[in-house]
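Student: Pasting a structure here, questions to come.
Protein chains: 2
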Amino acid sequence: MIKINENFLKLQAGYLFPEISRRVNTFKDQNPQADVIKLGIGDVTKPLVPAIVEAMKSAVDDMGTAEGFHGYGPEQGYGFLAERIIECDYKSRGVSLDKSEIFISDGSKCDTGNLQEIFGTDNVVAVQDPVYPVYVDTNVMAGRTGQAGKDGKYEGIVYMPCTAENGFAPELPSEQVDMIYLCYPNNPTGSVADKASLKKWVDFARDNKALILFDAAYETFIQDDSIPHSIYEIEGADEVAIEFRSFSKSAGFTGVRCAFTVVPHKLKAYKSSGEPVEVNPIWNRRHCTKFNGVSYVTQKGAEAAYTPEGQKQIQEVVQYYMNNAAVIRESLSGLGYSVYGGENAPYVWLSTKDGMSSWEFFDLLLEKAHLVGTPGAGFGAAGEGYFRLSAFNELDTVKEAMRRIAKIS
Amino acid sequence: MIKINENFLKLQAGYLFPEISRRVNTFKDQNPQADVIKLGIGDVTKPLVPAIVEAMKSAVDDMGTAEGFHGYGPEQGYGFLAERIIECDYKSRGVSLDKSEIFISDGSKCDTGNLQEIFGTDNVVAVQDPVYPVYVDTNVMAGRTGQAGKDGKYEGIVYMPCTAENGFAPELPSEQVDMIYLCYPNNPTGSVADKASLKKWVDFARDNKALILFDAAYETFIQDDSIPHSIYEIEGADEVAIEFRSFSKSAGFTGVRCAFTVVPHKLKAYKSSGEPVEVNPIWNRRHCTKFNGVSYVTQKGAEAAYTPEGQKQIQEVVQYYMNNAAVIRESLSGLGYSVYGGENAPYVWLSTKDGMSSWEFFDLLLEKAHLVGTPGAGFGAAGEGYFRLSAFNELDTVKEAMRRIAKIS
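The structure is reproduced here in structure tokens:
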């Protein structure tokens, strides 16, 4: 008899974004005339830049010729892309990496979801709260948690509250934790971590032989030069941290699919006997067995993001979004909302007013302003009373959204 | 302390194809002048057909415009592609499926590797032997096995020998099994299953509440009209089977990455209490949480494979490879080898001569004929004494390979 993995039955209703889609679709069915503005899901809106379009078309042409055809590529990605990553993303910031430490993939959602698999199910997971739901849900699926309580928290997970009271910077856990998910610039709060703050985490992980899973999918949006883009800018981080990076937000690849993960050779995990094991070859084995590489066309597009022309073009797009974020920040502050983030991240995080719950605020904005945002509670218990607006849209649309909020505020 | 998943430490040295690459690279380093012919890994060699190239370039152009840009798509894939799949691959063969039963992905390796995750680790796995290594290795990683023995077999897995003696058709297991991996047309033996043979498996699965994981990645190569392309051509299969399909071999997508998995709504798995659970929403939850959809450009390319023009062009390529297979079959038969497969599959399976082991035969062909094939033992204990040659190459190259084998035979 085929038995289901009962861990999956612990999962709570609807992954956040499908639930938002459901509510929006219901609203649209009932209000077909409504012009709904979406500042909800973190999807980019600007088209691919010309340098990337040209590179991808040229790669498709390659694929149509006997000489230029590429079949199975290396599961870890092509050297041409790994070299640009090492040179432009890391060497330029004083971090030295080997190609064998880079694993190119089809997305950071996949990577952050899959990586836990190579670690024992008896590890204790710690997450920032609010948190990107994938970190939690994939650990529930793996069996690292008990059931969810009424507050949505799963037994066995250590939730580290990030609220206005602590400046959205979690305290070091007082209990034993083994796998610590950190996301900076943070989704959803838009907060960032400076060097001292990251050093505190690296030191903690080294002292406790813990692992940091560092999600830097939004590093492109950092405007403040003093903020690290990579956790490896902190000495010793290569002994305790895995880093996730993505082209989704930096190069507009949400529909193209390319990301990468860094697993340094110095990183060790431990057998139950206490004997250390190098993590890199274990992840390599997993990656080669369950993944078959990223489309050649996609990797050529990602490579083009590193050319001087590509860099200039995508930076213009990033600045466009950051200007939107500034408009959102200013407008909402002017309306008396408490506003956070949006300065080094494409997300603005705000407190709802009048003690509204975040889903109540979601429904209010949808029904009265025809505006879709993301309720903070969808990211965790400590997100209750907060709301996320994304800067990914046209400036005129963002301004219209702000006018609509002004009307109902 | 971060603990490794010790199941990964049970895995035996090198996944098959990396091991082949290692030996070939060593040989090439020592013999830089050698003109090595590869009939080893099952990678296609013909470029993408024009209909697909045009569709992909047009999709890249879309992505460069505000109107045509596509960000995150549905995790399950775009409706435009699912509709073509249902119409052309299934309805045409009398099988009716709903769009919500189709999950488009970036590869069948990923799908066959990931799918086991939604089932309990206490299920007993049965595989054909020889077998595509991914089915076994991913179950080892998940903890459904003990250690490997000297013969390479893992404790706890039921291996079903497929040899010349039983016509490469395994007997029904006499022990309890819960997850049965079947691959038809078979990789590596090139054998196929007729309706009666598949019905036997479907009836067995229904009688035992077992699950069939049916890998039909090579269905395009079926030439004999009486052979089913889908397991759903057998009545009742939708209650017990998941089917995997791929564009890798049919449309030359090994470097483009697109596949799909069918999970019928009628399929049930069971809680330990015996209570049935519908599998489709559980896989949907897994797919949406750990995967973010296939590139829009890739899906537009896959859609073009279903146009009349695309069909005609890819069928020409398929026939080209099948002609290669016929050349290999005839040449080797003429040299006195026992030859199997290659009639409804792009793989020819042969017995080595003079009692050579399959890795000895591999080394002999590499060193004396500068020819790379795949040793049968790499696919499992029952593959010992056999060897796989793939039909994916230029006809002239295939002929040259046959001349070289003739010289050393």
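Chains A and B are the protein sequences, given in the same order.
The opening position of the first sequence corresponds to residue 1 in the UniProt record's numbering, with each subsequent residue numbered one higher.
The opening position of the second sequence corresponds to residue 1 in the UniProt record's numbering, with each subsequent residue numbered one higher.
Positions of the beta carbon are idealized from the N, C-alpha and C atoms, including for glycine.
These figures come from a predicted structure and were not determined experimentally.
According to DSSP, simplified to helix, strand and coil, what is Arg388(A)?
Tutor: Arg388(A): strand per DSSP, three-state reduction.
Student: Return helix, strand or coil for Ala66(A), following the three-state DSSP convention.
Tutor: If DSSP states are grouped into helix, strand and coil, Ala66(A) belongs with coil.
Student: In the structure shown, what three-state DSSP assignment does Lys407(A) receive?
Tutor: If DSSP states are grouped into helix, strand and coil, Lys407(A) belongs with the helices.
Student: Does DSSP put Leu371(A) in a helix, in a strand, or in coil?
Tutor: It is a strand residue.
Student: For Gly156(A), name the three-state secondary structure that DSSP assigns.
Tutor: In the structure shown, Gly156(A) sits in coil (DSSP, three-state: anything other than H, G, I, E or B).
Student: What is the rounded straight-line gap between the Cα of Gln147(A) and the Cα of Ser390(A)?
Tutor: Distance between the alpha carbons of Gln147(A) and Ser390(A) is about 31 Å.
Student: Shorter than 9 Å from the beta carbon of residue 452(A) to some beta carbon of chain B?
Tutor: Only positions 1 to 409 of chain A appear in the structure, and residue 452(A) is not among them; the question remains open.
Student: Given a threshold of 16 other Cβ atoms within 10 Å of its Cβ, counted over all protein chains shown, does Phe221(B) qualify as buried or as exposed?
Tutor: Phe221(B) is buried by the Cβ-count criterion.
Student: Determine the extent of the beta strand (DSSP E) in which Ile102(B) is found, giving its start and end residues.
Tutor: Element bounds for Ile102(B): 102-105.
Student: Leaving out five residues on either side along the sequence, give the residues of the same chain with a beta carbon under 7 Å from the beta carbon of Cys88(A).
Tutor: Excluding sequence neighbours, Cys88(A) sits near Tyr306.
Student: Could you work out which residues of chain A lie near Ile2(B), taking near to mean beta carbons separated by less than 7 Å?
Tutor: The contacting residues are Phe119, Asn123, Asp178, Met179, Lys209, Ala210, Leu211, Ala269, Tyr270.
Student: Okay, do the region 379-396 of chain A and the region 337-348 of chain A touch, 3+ Cβ pairs below 8 Å being the bar?
Tutor: Because the criterion of three Cβ pairs below 8 Å is met, the region 379-396 of chain A and the region 337-348 of chain A touch.
Student: Assuming the contact rule is C-beta atoms closer than 8 Å, Lys10(B) and Thr112(B) should be a hit. Round their C-beta distance to whole Å, please.
Tutor: Not a contact, Cβ separation roughly 19 Å.
Student: Report the CB separation of Pro173(B) from Ala216(B) in whole angstroms; it is logged as a contact under 8 Å.
Tutor: With a Cβ gap of about 21 Å, Pro173(B) and Ala216(B) do not count as contacting.
Student: For Phe291(B), name the three-state secondary structure that DSSP assigns.
Tutor: If DSSP states are grouped into helix, strand and coil, Phe291(B) belongs with coil.
Student: Could you work out which residues of chain B lie near Gly73(A), taking near to mean beta carbons separated by less than 8 Å?
Tutor: Those within 8 Å of Gly73(A) in chain B are Gly255.
Student: By alpha-carbon positions, which one of Arg403(A), Lys312(A), Arg286(A) ends up nearest to Asn114(A)?
Tutor: When each option's Cα is compared against that of Asn114(A), the closest is Arg286(A).
Student: So, at 6 Å on beta carbons, what are the nonlocal neighbours of Val297(B) in its own chain, with the 5 sequence-adjacent residues on each side left out?
Tutor: Taken in chain order, the residues that qualify are Met56, Ala59, Val60.
Student: Under a CB-based cut-off of 9 Å, is Asp137(A) close to chain B?
Tutor: Yes, contact with chain B.
Student: Evaluate Phe80(A) with the Cβ neighbour count: other Cβ atoms within 10 Å of its Cβ, from every protein chain shown; 16 or more gives buried, anything less gives exposed.
Tutor: Label assigned to Phe80(A): exposed.
Student: Counting only beta-carbon atoms, is Tyr296(A) nearer than 9 Å to chain B?
Tutor: It does; some Cβ of chain B falls within 9 Å.
Student: Just to confirm, are Ser250(B) and Gly341(B) a CB contact at a threshold of 9 Å?
Tutor: For Ser250(B) and Gly341(B), no; Cβs fall outside 9 Å.
Student: Quick one: what's Cys183(B) bridged to in DSSP?
Tutor: BP columns for Cys183(B) point to Asp215(B).
Student: Hey, out of Asp224(A), Asn292(A), Ala237(A), whose CA is closest to Met322(A)'s CA?
Tutor: For the residues Asp224(A), Asn292(A), Ala237(A), the minimum Cα distance to Met322(A) belongs to Asp224(A).
Student: Compare the C-beta of Thr45(B) with all C-beta atoms of chain A and state if any pair is closer than 9 Å.
Tutor: It does: the Cβ of Thr45(B) has a partner Cβ on chain A nearer than 9 Å.
Student: Indicate whether at least one CB of chain A lies closer than 9 Å to the CB of Leu81(B).
Tutor: No, its Cβ sits nowhere closer than 9 Å to a Cβ of chain A.
Student: What residues in its chain sit with their C-beta under 7 Å from that of Met63(A), if we drop five residues either side in the sequence?
Tutor: Excluding positions up to five away in sequence, the list reads Phe69, His70, Tyr296, Val297.
Student: Can you give the beta carbon distance from Ala401(B) to Ile20(B), rounded, assuming they're within the 8 Å contact cut?
Tutor: No, Ala401(B) and Ile20(B) are not in contact; Cβ-Cβ is about 16 Å, not under 8 Å.
Student: To which residues of the same chain is Lys368(B) closer than 7 Å at the C-beta, ignoring the five residues directly before and after it?
Tutor: Hits under 7 Å: Ile408.
Student: From Val339(B) to Gly380(B), what does the alpha carbon distance come to, in whole angstroms?
Tutor: Cα to Cα, the separation comes out at about 19 Å.
Student: Report the three-state DSSP secondary structure of Glu394(A) (helix, strand or coil).
Tutor: Glu394(A) falls in the coil class under three-state DSSP.
Student: Mind checking Arg245(B): buried by the 16 CB within 10 Å criterion, or exposed?
Tutor: It counts as buried.
Student: Shortest alpha-carbon distance to Ser100(A) belongs to which of Val279(A), Asn123(A), Lys150(A)?
Tutor: Of the candidates Val279(A), Asn123(A), Lys150(A), the one whose C-alpha sits nearest the C-alpha of Ser100(A) is Val279(A).
Student: Excluding the five sequence neighbours on either side, which residues of its own chain have a C-beta within less than 7 Å of the C-beta of Ser333(B), listed in chain order?
Tutor: Only Val339 meet the Cβ criterion.
Student: Which residues bound the beta strand (DSSP E) around Val244(A)?
Tutor: According to the sequence as given, residue 244(A) is Phe; it is not Val. Per DSSP, Phe244(A) belongs to the beta strand (DSSP E) from 241-246.
Student: What whole-angstrom Cβ distance do Lys271(A) and Ile4(B) have, given they're in contact under 8 Å?
Tutor: About 6 Å; that satisfies the 8 Å criterion.
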